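Protein chains in written order, with this note's numbering: chain V, 103 to 564; chain U, 103 to 564.
Don't be surprised by glycine CBs; every beta carbon is placed ideally from N, CA and C.
The model shown is predicted, which means the values in this text are computed figures rather than measured ones.
Below: one structure, written as structure tokens.
Dropping the structure here:
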């Protein structure tokens, strides 16, 4: 007999009416009065479980009624619609095969657990309601991004993880090697001789696929990347991880205004896609993780994103009469406290445009004023910056002098500069931290709880 | 005026009939007779280009007629349907803005180039017809896998890249560090002191997400991973790269027979999805890269995959009367020459089941004979092995003794062993090398030509 997944029962219960079916899954809880009882069974294919009704006609009734949470079962029974009951249907068990029973050593007993404890059993936490919701939303959110880009004619590009270009500043990048650390080959000056390493030179894990993405955008017009990103930041905060996923779209013949149109459209598409497909999971998050989540998401969908220059916003912050921990300045960054004020003031998402060039990356287009760049950050209420974007500098000479100003080594990326020589054109792109987006969608506060197995300083278990 | 993408013109030409539109793109070729001429324009959003008709009423006619391949243009003109001509429509240019003209230094002149040359200009090769076809097929193939799994209730899991478990054998894994190689901290014994490194211990780049995938399958029933994989193999072959993408599905309550059903269904789904969505690109590959490609793909779609044991196939190979470079043995691997014979003999894809346990991984379920494991390889005609699969060993004691036999260090993966204690159940999974699949779909022979920026020994440019 072929196993029926519980998601199929919820999707089309009528198809199974009164049929004998086989289901498999794990016990969430068991209640019994000694003559009959109920198992709340989950197989993880749907947020909603299946109620199993069993009675003492089962040959192993005494074992079944004592089952512990987490036990794995295989059950044959009759599927019965129950239109007048709390749950829409139930399964009347004819046989319950206990595949593996857990006992009181099972780390996830029925009682509630703290998020901190659950991180210590990261290999088991996806079995809890909280992480069933979070990780299914994560999966569907990834599909939402793919769907948006593919339906709109973007080409998905797998940019490489390993790079020999240290233009981002190699102190931000992991170094990779095949050498034995305790037996490094040395050159005549006593320095490590990388000519003997696999790639014949020092190699790093890149923190961005943007440069390679630009090369593909200048061939396909519209591309996106979506892959893991590694950074060595030694930051123990709720929003930093050393390994996370990032999406980096790049669009040719597109200026910064066209870019903002795309970001707004994409953001709303993804949020709506996930709300449509994960209503149970989102409702759970709204109830148990972040009360007000649904209102926040609906509010965003109904809003028009504001577009304000950095200068305008610093004016606003200064005139607000508020006491700031970090004084807002025309040549400085926008702090968390400022972001909060700005999104509350405008009552919704805000694009911050025209940033002072000295605090932004070398590849951003310098505006005509010579002081600002065509960079854009998107701020969302309550979570702050979620997208970093810019029109790229396409003028060869300006780009080279910006790199010199910012001490970026051009030698390993001459090919990137060449993109400005060979059929170059205006183009723009952005980066989305995928985990931040999932945090926005679930209300989860700590990035460690939206990553399946988080890597953070001193933490590389599982 | 908002730019119209060429893919939109091909999708719904009637919507644009006789309208004035703006298009942007790159010159493929120009012909002119001194009074009027034609530009073959590509914007990369569709494999088919757009014919631009221009004449000497253009103020910059003399520049336009001399344009070189690769020049970037912005063109306003009238869109005209041409039902009786070779191409279905054309654009009558009113103005042609030359964004950036290339000259004879442009590395992709109109003449043909070898694949080897194009690898040297990997940042430009996506502009050629060949790589427009390959990389769009790659993108659509990725979406095909996502679509298959998401529509069938699988959860997409981002397993980590960085690991501290060296159970695969760390000689296959890259080592990562934040240390300065020329200034490594040492402990009292003169060994490198990793307690000062970011994770506080040695860290590696994993070559598989399977172990973590199993943990999630035991919570969600059906999961898949899809991400980059790094291996240090120093192999200069057509089918090895040090960085490639892999898909690793894992299914709970599924034995090796159920697994083969899934692999066959998935393979056909993906091939059909790509053929439906990339007819022009597949036709190009069939014509210029691998004559017979379409027949091969259609043949596969119409076939039923054979299921044969390793033992049966060795019998077959031995009785074939053929001279083998590598003699087939009952306890040995199946060589390339054997794979070729087997798929030709059966005239289609073949699952090889029940492998001798000593040449397979520790996590594969040991069969009742005690000699073989429930591992499966899928062989495709002409390309050989494309999927490696197995039912997993779920018996704690058997797994532990297999690890001991094969000298696998259990300490860093105690959590993995615990999955066999806490509600364990039969489960199975497989790995697909994504590049091999793209090679199968395009007929491309060398893995370097399906990777955007390949990383192979001594080769880490761009």
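According to DSSP, residue pairing for residue 342 (chain U) in a beta bridge does not occur. In the structure shown, the three-state DSSP call for residue 128 (chain V) is strand. Sorting U:181, U:188, U:190 and U:139 by C-alpha distance to the C-alpha of residue 166 (chain U) places U:139 at the top. Taking all protein chains shown into account, residue 323 (chain U) has 16 or more neighbouring C-beta atoms within 10 Å of its C-beta and is therefore buried. Rounded to the nearest whole angstrom, the CA to CA distance from residue 265 (chain V) to residue 506 (chain U) is 37 angstroms. Residue state for residue 201 (chain V) is assigned as strand, using DSSP reduced to three classes. Annotation: residue 365 (chain U) is outside any beta strand (DSSP E); the continuous alpha helix (DSSP H) that includes it extends over 358–379. In this chain, residue 550 (chain U) is not harboured by any alpha helix (DSSP H), its DSSP state being neither H nor E. Per DSSP, residue 236 (chain U) is one residue of the alpha helix (DSSP H) stretching across 231–253. Under DSSP, residue 326 (chain V) forms a beta bridge with V:258 and V:351. Within the region 188–214 of chain V, the residues whose Cβ lies closer than 9 angstroms to any Cβ of chain U are, in chain order, 201, 202, 203, 204, 207, 208, 209 and 210. Using a CB distance below 7 angstroms, the part of the region 131–162 of chain V facing chain U consists of 145, 146 and 147, ordered along the chain. Distance from the Cα of residue 197 (chain V) is smallest, within the candidate group V:465, V:154, V:307 and V:368, for V:154. Here DSSP, grouped into helix, strand and coil, assigns residue 461 (chain V) to helix. Within chain U, no C-beta atom comes less than 8 angstroms from the C-beta of residue 381 (chain V); the nearest is roughly 16 angstroms away.
In its chain, beyond the 5 residues on either side, 246 and 249 have a beta carbon closer than 7 angstroms to the beta carbon of residue 375 (chain U). The count of Cβ pairs closer than 8 angstroms, one atom from the region 530–537 of chain U and one from the region 349–362 of chain U, reaches three, so the stretches are in contact. Within chain U, 245 have C-beta atoms less than 7 angstroms from the C-beta of residue 252 (chain V), given in sequence order. In the DSSP assignment, residue 410 (chain V) falls within the unbroken beta strand (DSSP E) covering 408–411. With respect to residue 479 (chain V), residue 468 (chain V) sits apart: the two C-beta atoms are not nearer than 8 angstroms.
DSSP places residue 177 (chain U) in the uninterrupted beta strand (DSSP E) bounded by 174–183. Under DSSP, the beta-bridge partners assigned to residue 134 (chain U) are U:139.
Within 10 angstroms of the beta-carbon of residue 128 (chain U) lie 16 or more other beta-carbons, which makes it buried.
Counting C-beta pairs with one atom in each stretch, the region 442–450 of chain V and the region 400–416 of chain V have three or more that are closer than 8 angstroms, which means they touch.
Rounded to the nearest angstrom, the gap between the Cα atoms of residue 277 (chain U) and residue 152 (chain U) is 49 angstroms. When beta bridges are read from the DSSP output, residue 277 (chain V) appears opposite V:306 and U:279.
Chain-ordered, the chain U residues with CB closer than 9 angstroms to the CB of residue 347 (chain V) read 260 and 329.
Within the same chain, Cβ atoms closer than 6 angstroms to the Cβ of residue 428 (chain V) are found at 437, the five residues on either side in sequence being excluded. Residue 144 (chain U) and residue 108 (chain U) have their C-alpha atoms roughly 8 angstroms apart.
Counting along the chain, the unbroken alpha helix (DSSP H) around residue 499 (chain V) starts and ends at 498–507.
Between residue 346 (chain U) and residue 535 (chain U) the beta-carbon gap is near 6 angstroms, inside 8 angstroms, which marks them as a contact. Within 10 angstroms of the beta-carbon of residue 477 (chain U) lie 16 or more other beta-carbons, which makes it buried. Under the three-state reduction of DSSP output, residue 171 (chain V) falls in the coil class, being neither helix nor strand. Straight-line spacing of the CA atoms in residue 514 (chain U) and residue 263 (chain U) works out to 16 angstroms. Boundaries around residue 474 (chain U) are those of the beta strand (DSSP E), 474–482, since no alpha helix (DSSP H) includes it. Taking 7 angstroms as the cut-off between beta carbons, the residues of the region 527–547 of chain V near chain U are 527, in sequence order.
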